[in-house]
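Be aware that the sequence shown starts at 3, since it is given in the working numbering, and climbs by one per residue. Beta carbons: idealized from backbone N, C-alpha and C, even for Gly. Please read all numbers here as calculations on a predicted model, not as lab measurements. Encoded as structure tokens, the structure appears first; notes follow it.
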Amino acid sequence: MAEPDTLLDALVEQVQRAEKYRHLSEVLVRSVLTAEMEKRRGPKEAVKAARSKLHQVAAAYQGKPIPYAAWLKELAQLPQDLHHPDVLSYLMHALSAHASTRERIPIQAVFFQECLAPLGSVHSILDLACGLNPLVIPWLPLQPGFTYTACDIYTDMLDFLNAFFARFKIDGHAVPCDITRELPPVKADLTLVLKTIPCLEQIDKDAGRRLLEMISSPNILVSFPAHSLGGKSKGMVRNYERRFAELLAGKAWQVTRFEFPGELAFLIQR
Ligand SMILES: C[S@@+](CC[C@H](N)C(=O)[O-])C[C@H]1O[C@@H](n2cnc3c(N)ncnc32)[C@H](O)[C@@H]1O
3 MAEPDTLLDA
13 LVEQVQRAEK
23 YRHLSEVLVR
33 SVLTAEMEKR
43 RGPKEAVKAA
53 RSKLHQVAAA
63 YQGKPIPYAA
73 WLKELAQLPQ
83 DLHHPDVLSY
93 LMHALSAHAS
103 TRERIPIQAV
113 FFQECLAPLG
123 SVHSILDLAC
133 GLNPLVIPWL
143 PLQPGFTYTA
153 CDIYTDMLDF
163 LNAFFARFKI
173 DGHAVPCDIT
183 RELPPVKADL
193 TLVLKTIPCL
203 EQIDKDAGRR
213 LLEMISSPNI
223 LVSFPAHSLG
233 GKSKGMVRNY
243 ERRFAELLAG
253 KAWQVTRFEF
263 PGELAFLIQR
């Protein structure tokens with residue numbers, strides 16, 4: 003019989019053999035598998051359960067494989083001006099490849115304008131579990147010389163975001179990080195936690211509370227989806243509003259609430 007670590011290595015490889023998990027951070031695959039091994043009857047069941055968890059928290063947001071190689075070729079041909087109409091239409095197209103940013107497109111400009119209005123303009127952003135959201139930079143109220151740090155668990159997505167930052171000479175970095183455990187060690191005026199808490203809480207019920215406590219920024223924009231990936235919205239705003247109130251219990255933070263079609267947001271200032 004295989005030694006425990008060798009067995010876990012083999013199972014990680016087995017999960018990552020599937021195309022949609024190939025670029026997922028190995029650290030996350032390993033930690034989800036370890037938790038499932040403790041709960042399930044055997045390795046086969048653990049692999050199946052881990053794949054299902056990883057689908058729920060990550061793969062479900064990317065309907066089909068994202069054509070990063072083609073995107074990179076187009077990126078190289080774009081004008082250098084981030085606000086050029088060709089660049090904006092390229093970014094809109096790219097944003098539609100991830101369910102989370104796709105749903106936000108109709109409200110994107112007004113969403114960031116209204117939610118960030120109390121801050122004026124921002125100098126540094128930390129975007130946690132970013133998906134493709136850093137591509138909204140042209141729609142954000144940013145100061146000249148701003149910095150942008152983003153993290154997620156897909157290495158191919160992070161490589162693409164780093165190429166985007168480099169192409170437009172943005173002082174940005176996209177790094178792999180499992181935010182149920184730790185955060186990138188940067189100081190930022192504003193941290194974004196967009197539509198991510200429900201996703202993390204599917205793996206660990208206390209992940210949302212721990213996450214808010216780990217963030218050191220004075221301002222945090224937290225949001226929740228107002229409907230499911232399948233489009234159902236029954237009671238979601240009320241439920242997430244209640245969940246958010248539980249997460250804030252005992253904290254003397256100033257909170258401003260915003261409601262948009264498809265998304266409920268809260269700006270925390272402290
Ligand atoms: C609902 S999407 C939100 C994406 C983005 N924040 C937005 O609103 O457009 C959730 C994101 O969380 C990422 N994710 C899931 N679990 C994570 C973890 N443990 N650490 C970091 N990112 C994670 C997924 O890959 C996915 O991009």
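Got a sec, what are the start and stop residues for the alpha helix (DSSP H) residue i sits in?
i, result
"E243", "M238 to L250"
"C179", "Careful: C179 lies outside any alpha helix (DSSP H) and carries neither H nor E."
"F166", "T157 to R169"
"T103", "A101 to R106"
"Q110", "Q110 to L118"
"I199", "I199 to L202"
What distance in whole Å lies between the Cβ atoms of residue j and residue i, which are believed to be in contact at a cut-off of 8 Å?
i, j, result
"S126", "F148", "6 Å"
"L249", "G210", "5 Å"
"I181", "A131", "6 Å"
"I155", "P178", "6 Å"
"L202", "L223", "Actually they are not in contact, since the Cβ atoms of L202 and L223 sit about 16 Å apart, beyond 8 Å."
"A60", "L26", "6 Å"
"C53", "V29", "Here residue 53 turns out to be Arg, not Cys, going by the sequence shown. Not a contact, Cβ separation roughly 17 Å."
"E265", "I109", "7 Å"
"P140", "G174", "Going by Cβ atoms, the distance from P140 to G174 rounds to 13 Å, so no, they are not a contact pair."
"Y63", "A101", "4 Å"
Can you find a heavy atom of ligand 1 that lies under 7 Å from the Cβ of residue i?
i, result
"A78", "no"
"S102", "yes"
"I222", "no"
"T193", "no"
"Y207", "Here residue 207 turns out to be Lys, not Tyr, going by the sequence shown. No - ligand 1 has no heavy atom lying nearer than 7 Å to the Cβ of K207."
"A48", "no"
"L90", "no"
"G44", "no"
"C179", "yes"
"T198", "yes"
"A60", "yes"
"G210", "no"
"I267", "The question names Ile, but residue 267 in the sequence shown is Ala. False, no ligand heavy atom lies under 7 Å from that Cβ."
"V152", "Correcting the residue identity first, residue 152 is Ala in this sequence and not Val. No."
"I107", "no"
"I155", "yes"
"L1", "Nothing in the structure corresponds to residue 1, since the chain is present only between 3 and 272."
"Y242", "no"
"T36", "no"
"Y23", "no"
"Y70", "no"
"C201", "yes"
"C117", "no"
Is the beta carbon of residue i within less than 7 Å of some heavy atom of ligand 3?
i, result
"V112", "Although ligand 3 was asked about, the structure shown includes only ligand 1 as ligands."
What span of residues does the beta strand (DSSP E) with residue i cover, start to end?
i, result
"Y150", "L144 to D154"
"Q256", "Q256 to F262"
"H95", "Where H95 is concerned, there is no enclosing beta strand (DSSP E), although the alpha helix (DSSP H) it sits in stretches over P87 to L97."
"Q271", "E265 to Q271"
"L192", "L192 to L196"
"V124", "V124 to D129"
Query - Unbroken stretches of the beta strand (DSSP E), 3 residues or longer, contained in the segment 206-238 - result: 221-227
Entirely enclosed alpha helix (DSSP H) segments - the segment 19-80, minimum 4 residues: 28-41, 45-59 and 70-79
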